[in-house]
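Numbering (this note's numbering), first residue to last: 116 to 327. See structure below.
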C-alpha cells in the first residue's frame with residue numbers, strides 16, 4: 116500500500132529488454148534521487164509513477180526493477196529514460212498523508228490541458244469513460260503516483276471526429292506539488308497513469324453485486 120505522497124523524484128537511467136523476445140518486459144535501472152534506500156530490501160515494493168514494482172537489485176543510491184510486458188502495455192512513462200515519481204510502500208507507523216493507494220494502474224488518461232492559474236496550476240485530464248463512475252467532485256484520484264483531489268468532473272460524449280467518450284476531470288496543483296513531483300513536465304496530449312479511489316472501487320463492487 117502507498118499514500119500517493121511522492122517521497123522523491125528519481126530518474127530511469129537505462130531500459131534493458133529482458134530475454135524472451137517481443138513478449139518480454141524490461142529491466143529498469145533507477146537513480147533514487149533523494150529517496151533513502153537503507154531500509155529497502157530486495158523484494159520490497161516501490162511505486163514508480165504510481166505503478167507498484169518489486170526491487171530486484173539495489174545499492175545506496177539506485178535500484179533495479181523488472182517490468183512485465185503486461186505492465187508496460189498498461190502504463191505510461193516506464194519504457195524510456197526520464198524523471199519519475201517515487202514512493203516506498205507504506206508502513207503502519209507512518210501518517211496517511213494522501214489516501215490509500217494500491218499502486219495498481221486502472222487506466223491511462225490523456226492530459227487535455229495544463230496551465231497556470233494565479234499561483235497554482237490547473238490540470239485537466241481525460242480519463243477512459245469506464246472510470247468515470249469512480250471519479251467524483253472532491254474525491255481522490257492518483258495521477259502518475261500523486262494523490263490529488265478532483266475539483267470538477269464531466270462526462271464527455273464521443274465526437275463525430277472519432278474521439279471516444281471520456282470522463283474529463285480537473286485538478287488544482289499548488290506550487291509545492293509542482294516543485295516536488297514530475298507533474299511540472301506535463302503538457303496537452305501527454306499520457307498519465309491513473310488509479311481510482313480504493314473505497315470507490317469496493318463500493319461499486321458491492322452495489323453491482325447487490326443487483327444480481
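Here a beta-carbon is modelled for each residue, glycine too, at the ideal position from N, C-alpha and C.
query: Could you compute how far the alpha carbon of residue 208 sits from the alpha carbon of residue 132?; result: 37 Å
query: Mind pulling the beta strand (DSSP E) runs of 3 or more residues that sit fully within the region 152 to 196?; result: 160 to 163, 166 to 173 and 177 to 182
query: Taking the alpha carbon of residue 318 as the point to measure from, which residue in 248, 295 and 293 has its own alpha carbon closest?; result: 248
query: Helix, strand or coil for residue 245? Go by DSSP, reduced to three states.; result: helix
query: Which one of 323, 310 and 320 has the shortest CA to CA distance from residue 191?; result: 310
query: Near residue 217, what residues of its chain come up, given a Cβ to Cβ distance below 8 Å and the 5 sequence neighbours on each side ignored?; result: 116, 117, 167, 310 and 313
query: Classify residue 132 as helix, strand or coil using the three-state DSSP reduction.; result: strand
query: Just curious, the beta strand (DSSP E) that residue 293 is in, first and last residue?; result: Element bounds for residue 293: not the beta strand (DSSP E) but the alpha helix (DSSP H), 290 to 295.
query: Below 8 Å on the Cβ atoms is my contact criterion, and I expect residue 189 with residue 220 to pass it. Report the Cβ-Cβ distance as a whole number of Å.; result: 6 Å
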